Structures are given as structure tokens and as C-alpha cells.
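S.K.: Input: one structure, supplied below.
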Amino acid sequence: MSNAIYEKLESCVKAVREKTDFVPDVALVLGSGLGNYADNIRIETEISYSDIPGFPVSTVPGHAGKFIFGYVDDVKVVCMKGRVHFYEGYDVTDAVLPARLMKMLGAKILFLTNAAGGLGEGFKAGDLMLITDHVSIFAPNPLIGPNVDELGPRFADMSEVYDKDLQDVIRKAAAAEGIDLKEGVYCQLTGPSFESPAEIRLLGKLGVSAVGMSTVIEAIAANHMGMRICGVSCISNLAAGISEQPLCHEEVQEAADKVAPLFTKLVTESIKSFAL
Numbered sequence: 001m002s003n004a005i006y007e008k009l010e011s012c013v014k015a016v017r018e019k020t021d022f023v024p025d026v027a028l029v030l031g032s033g034l035g036n037y038a039d040n041i042r043i044e045t046e047i048s049y050s051d052i053p054g055f056p057v058s059t060v061p062g063h064a065g066k067f068i069f070g071y072v073d074d075v076k077v078v079c080m081k082g083r084v085h086f087y088e089g090y091d092v093t094d095a096v097l098p099a100r101l102m103k104m105l106g107a108k109i110l111f112l113t114n115a116a117g118g119l120g121e122g123f124k125a126g127d128l129m130l131i132t133d134h135v136s137i138f139a140p141n142p143l144i145g146p147n148v149d150e151l152g153p154r155f156a157d158m159s160e161v162y163d164k165d166l167q168d169v170i171r172k173a174a175a176a177e178g179i180d181l182k183e184g185v186y187c188q189l190t191g192p193s194f195e196s197p198a199e200i201r202l203l204g205k206l207g208v209s210a211v212g213m214s215t216v217i218e219a220i221a222a223n224h225m226g227m228r229i230c231g232v233s234c235i236s237n238l239a240a241g242i243s244e245q246p247l248c249h250e251e252v253q254e255a256a257d258k259v260a261p262l263f264t265k266l267v268t269e270s271i272k273s274f275a276l
């Protein structure tokens, strides 16, 4: 029996392949305010999301909405300059379609980045955090519904979503560049409203270090497909109730802009050192 999700993916793959035959090894998703990293890629091809029939289009300020195919050093990458969020009104299967598509285009590793609110002890705006695990109970699971057997098993193991070898590579890259890299558990809530102080207190009791509105559902979908996954959060603000300042998207972008040089070094050196 045909599956509408898989048929849509195949259609997207066909549309991309009509524009490029580039086969990436690493897929990189750029979070809020981090889109300028794409300037460091030696570009082969750019494809706007709007040029792929049926592909969800990003509507968030600061998210350009295009795939960039090219090289980081000598590593072949596909970069999402602007991700698609569940809170934009898309079905969760559309929100994870880009991650699945990049795997079907050849990517073996998924490097996820995001801007997040920090609640870990000692965290401050401008920190970078290695994601070591996640909490997914507040966001819809993208695997709900009939399993797409072509993508992965019905019951996907989530005991090691974030690849330990890739984590070590990122740690070593941070040490080599003199970057103070925090580590912790990331939690995705649906958004688009920021979290309440009571919600942040609850997340703290669950062992969460950073909270945002993306990443987890992408990691689940990619893990289901057998990708190796790693992730880094840019701590763009302290979460509600920790900071006395009201939260706003402009603050997120401003903090991401300030940390961009360190982020650029960390991502570049990490990708160059990945064992593909």
C-alpha cells in the first residue's frame, strides 16, 4: 500500500534532483539568528524551498528558506538556511520532511543547531551548549500514524539519539578553539509563545538545561532513518522566570549574532573532523 508521506518525499527528491546531482555527506540545520553561517560554505547550488513542490516554506523572520549545497573545507554538505517549525501551522510530518529529505539525498550525519532559552546552572546568554539528550514529551512525535517502513522501524530506539563519537568531535573542536562549551539536555515545546516561569521550573525538575521550539522532532525522525545526529544550542537568553527581562524574538537574534563567530568556528572545525 502506498504511503502519502513517502510519496511526498519521493516527489521532493525528484524535484531537487532535477536541479542538482550533488550528494551531501553532512546535513546542517541552521537555527534562529545563525543563518549567516551559510556564508562560510563554498556553494555549488542553492534551491529555494518554494521551488520544491509540496515543500513547507519557512515563515519566521531570520529564516531565509533555502537549501545550500556545497563544501565546508572538503566536506560535502547540504545546509538548511531557515528551518520549518511545527508552530507555523504545518503538520508534524511536514515539519520533519526537510530532515528526511536530506537523508534521502545522501546525508549520513545530521548536525542540528538552534537558539534556546537557558536554564542550566551557570548558563548565560551567548553560551554554546552541546546537546547530549532531549526531552520530547511536550512536542508531537513525528512517528505517530502508520509507520513508513521505507524510512525505519515501527518502534525506533531512542537510547542514544545524539551520537557519542560526534559529541567527542565537537568537544575536541571546542577545546582546540578555546570555546567554553556547555553540555546538557534540550527540550522542545511547541511554541510559538515563550514558556511561562512555572513551565521553566517544571523543566528544571526534569533535568532540562535548554528549551526551544525545534530540533527534537527532527532528531526523532532522523534517528528513525538511521542518521547519526549531533546538536548545538546557542543560549540566546535566560528562560522565563530566571531572567527578569521579558522575552522577545529580537533578543534571540541579537544574542545569536554576537556568538556567531564562535559558533562558526565550532561548526566548521567539527564538520572537518567528522569521520564519514
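Position 202 of the sequence shown, counted from 1, bears residue number 202 in UniProt numbering, the numbering being contiguous throughout. For every residue, glycine included, the Cβ atom is placed at its ideal position computed from N, Cα and C. Just so you know, these numbers come straight off a predicted model, no measurement behind them.
Are three or more beta carbon pairs between the region 143 to 151 and the region 192 to 206 nearer than 8 Å?
M.R.: No, because fewer than three Cβ pairs between the region 143 to 151 and the region 192 to 206 fall closer than 8 Å, the two stretches do not touch.
S.K.: Which class does Lys-8 belong to by DSSP, given the choice of helix, strand or coil?
M.R.: In the structure shown, Lys-8 sits in a helix (DSSP, three-state: H, G or I).
S.K.: Is Ile-220 closer than 9 Å to Ile-109 when the C-beta atoms are compared?
M.R.: Contact flag unset, no.
S.K.: Roughly how many whole angstroms lie between the Cα atoms of Cys-12 and Met-80?
M.R.: In a straight line, the C-alpha of Cys-12 is about 15 Å away from that of Met-80.
S.K.: Quick one: what does DSSP say Met-1 is sitting in, helix, strand or coil?
M.R.: For Met-1, the pLDDT reaches just 41, beneath the cut-off of 50, and the residue's location in the model is therefore unreliable, leaving the point undetermined.
S.K.: Contact check, Ala-222 vs Gly-184 under 8 Å by CB: the rounded distance?
M.R.: Actually they are not in contact, since the Cβ atoms of Ala-222 and Gly-184 sit about 20 Å apart, beyond 8 Å.
S.K.: Which residue comes first and which comes last in the beta strand (DSSP E) that contains Thr-113?
M.R.: From DSSP, the beta strand (DSSP E) with Thr-113 extends over 109 to 118.
S.K.: Do you know whose CA, among Ser-159, Ser-50 and Ile-68, lies nearest Glu-44's CA?
M.R.: Checking every option, the nearest Cα to that of Glu-44 belongs to Ile-68.
S.K.: For the candidate residues Lys-76, Asn-40 and Gly-89, whose alpha-carbon lies nearest to that of Val-57?
M.R.: Of the listed residues, the one whose Cα sits closest to Val-57 is Gly-89.
S.K.: Excluding sequence positions up to five away, which residues of its chain have a Cβ less than 6 Å from the Cβ of Asp-127?
M.R.: If we look at Asp-127 and ignore the five residues flanking it on each side, its Cβ neighbours are Lys-182 and Ile-235.
S.K.: Taking Tyr-71 as the reference, which of Ile-200, Phe-155, Pro-24 and Arg-154 has the closest Cα?
M.R.: When each option's Cα is compared against that of Tyr-71, the closest is Pro-24.
S.K.: Please say whether Met-129 and Val-232 have beta carbons closer to each other than 9 Å?
M.R.: The answer is yes: Cβ separation under 9 Å.
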